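Visitor: So that we are looking at the same thing, I have put the structure below in C-alpha cells.
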Amino acid sequence: MKIDDLKLKINPFTWVFILLLIITGFYIELINIILTVAIHEISHYYVAKKLNVNMIQVEIFPFGGAAIFESEIFIRPDLEIVIALAGPLSNLVFIMILVILSEVTSISFDYLIKINVLMCAFNLLPGVPLDGGRALKAVLSSFIGITRANNVAVKFSYVISFLLIYSGILMIINGNKNYVLIITAVFLIISAKKERKLSAYFNLRDLAYKKEEFYKRGCMNVKQIAVLENQKLIKIINCFLPLKYHIIVVLDKNLREKKRLTETELFDFAVSNGLYLSIGDILNKLK
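The sequence shown begins at 101 in the working numbering and counts up one residue at a time.
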C-alpha cells in the first residue's frame, strides 16, 4: 500500500495481533490502538518531512512502526534522534489534549490515555526497532561507531524481550490469558536479529552516503585510525564514526608507519572484494 510517496507495510504478526483482539472481543481497544499507532507514525513522518529526510517505507507493528529512510539520516545521528523521539512526544501531547478534553466535556478517555502512556513508555525503551533504541543507537554511534552502537541496542532488545516473556508467563500462570506481552517479545527478538545481521550493511551504507555529504559540505572533520596489516576490513570499518572522514594509518609489526589509506579506498575494496579482506592484501593489490 502506498500513501503519497510512502510505502505502508503491515507486518504479518500485526495481523495476528489484530485477529486475537477481534476473537477475544476487544473491538473498542483495537480502535484505540489503531488511533494511537496512527498518531505516533504520522508524527515520525511529519518531522522527517520537515527535516527534509525522505521516509521510503513504514512497517507497522502493534507497538508502532519501523521506518526506512533515505540518505541523510544514515550519517546524521542528530536527525535520527529528533525523528525517533517525535513519536513518543506526539503521544505525550495527545495525552495532555485528552486530559483537557475529559475535564472540559466530562467524557472519559481513560483507556485511550492508558494506551498512549503505554505506547510512549514502551517505545522509549532502549531496544531496536523501538524509538528509544534508535535514539540510543544514534547517540552511541558518535562515540563507538554504528556497528557497536547497534549491537548495544540489540542486546537491550534481548533483555527487554526476556522480561516481557517472563511477565507474560507469570500473567498466564495467574489466570490472565493475555498473550500480548509474549507476542510483542517475539516481534522484538525477530527485529533485533534482523538489525544485528544488517550491521555490516549499515556501515557500507554510511560510507556511501558520506561521500554525498562530503561533496555537499566541501569539508569534514578527520579521524585517524592506526591498524596492523593483519586486520580485516570489517573490523576497521566497524570503528568508523558518523560525520567523520577516516584516514587509516597502516603499521608494520614494529609499529612503524608503512602506508596511509583513506576510507574511500577501503570502501572501494569492500565493494569489490568483500569485508573480510585484510589490510595486507589491500597493500599487495596496490603495489
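Cβ atoms here follow ideal geometry from the backbone N, Cα and C, with glycine treated the same way.
From a predicted model like this one, the values you see are computed outputs, not experimental measurements.
Between F367 and I382, is the Cβ-Cβ spacing less than 7 Å?
Guide: No, they are not a contact pair.
Visitor: Whose C-beta lies closer than 7 Å to the C-beta of F209 among residues of the same chain, with five residues either side of it excluded?
Guide: Excluding sequence neighbours, F209 sits near L198, L201 and S202.
Visitor: Sort K311, E365, Y309 and A308 by Cα distance to L333 and report the nearest one.
Guide: Taking only the C-alpha atoms, the option nearest L333 is E365.
Visitor: T362 lies in the beta strand (DSSP E); which residues open and close that run?
Guide: It spans E357 to T362 - the beta strand (DSSP E) in which T362 sits, taken as one unbroken run.
Visitor: According to DSSP, is E329 helix, strand or coil?
Guide: It is coil, neither helix nor strand.
Visitor: To which residues of the same chain is P229 closer than 6 Å at the C-beta, ignoring the five residues directly before and after it?
Guide: Cβ within range, chain order: A166 and S291.
Visitor: Please identify the residue among A326, S241, I133 and R248 whose C-alpha is closest to the C-alpha of L212.
Guide: Checked all of A326, S241, I133 and R248; the closest Cα to L212 is I133.
Visitor: Ignore the nearest five residues each way along the sequence and tell me which others in I181's own chain have a CB closer than 6 Å to its CB.
Guide: These residues qualify, in order along the chain: A235 and A238.
Visitor: I need the straight-line Cα distance from Y266 to K358, nearest angstrom please.
Guide: Roughly 54 Å separates the two Cα atoms.
Visitor: Helix, strand or coil for F222? Go by DSSP, reduced to three states.
Guide: Helix, per DSSP.
Visitor: What does a CB cutoff of less than 6 Å around K293 pick up in its chain, not counting 5 residues either side in sequence?
Guide: If we look at K293 and ignore the five residues flanking it on each side, it has no Cβ neighbours.
Visitor: State buried or exposed for D352, treating a residue as buried only when at least 16 other CB atoms are found within 10 Å of its CB.
Guide: Answer is exposed; the Cβ neighbour count stays below 16.
Visitor: Based on the DSSP output, what are the partners of G165 in its beta bridges?
Guide: In the DSSP output, where bridge partners are listed per residue, G165 has I160.
Visitor: Report the residue ranges of all beta strand (DSSP E) runs contained in full by the region 187 to 257; include only those spanning at least 3 residues, in chain order.
Guide: The qualifying runs do not exist here; there are none.
Visitor: Flag this pair as yes or no: are the beta carbons of L224 and V158 separated by less than 7 Å?
Guide: Going by C-beta atoms, L224 is not nearer than 7 Å to V158.
Visitor: Quick one: measure Cβ to Cβ for I348 and R360, integer angstroms, because I've assumed they're closer than 8 Å.
Guide: Right, their Cβ atoms sit about 7 Å apart.
Visitor: Assuming Y345 contacts V327 under a Cβ cut-off of 8 Å, what Cβ separation, rounded to an integer in Å, is found between them?
Guide: The Cβ separation is near 16 Å, so there is no contact.
Visitor: Report, in whole angstroms, the separation of the C-beta atoms of I160 and I110, which I expect to be a contact under 8 Å.
Guide: Their Cβ separation, rounded to whole angstroms, is 5 Å, which keeps I160 and I110 in contact under 8 Å.
Visitor: Classify T114: buried if its beta carbon has 16 or more other beta carbons within 10 angstroms, exposed otherwise.
Guide: Buried: at least 16 other Cβ atoms inside 10 Å.
Visitor: Output the distance between the C-alpha atoms of I244 and V252, rounded to the nearest integer angstrom.
Guide: Going by the C-alpha atoms only, they are around 10 Å apart.
Visitor: Could you tell me the distance, in whole angstroms, from the CA atom of K385 to the CA atom of I156?
Guide: Their backbone Cα atoms lie some 39 Å apart in a straight line.
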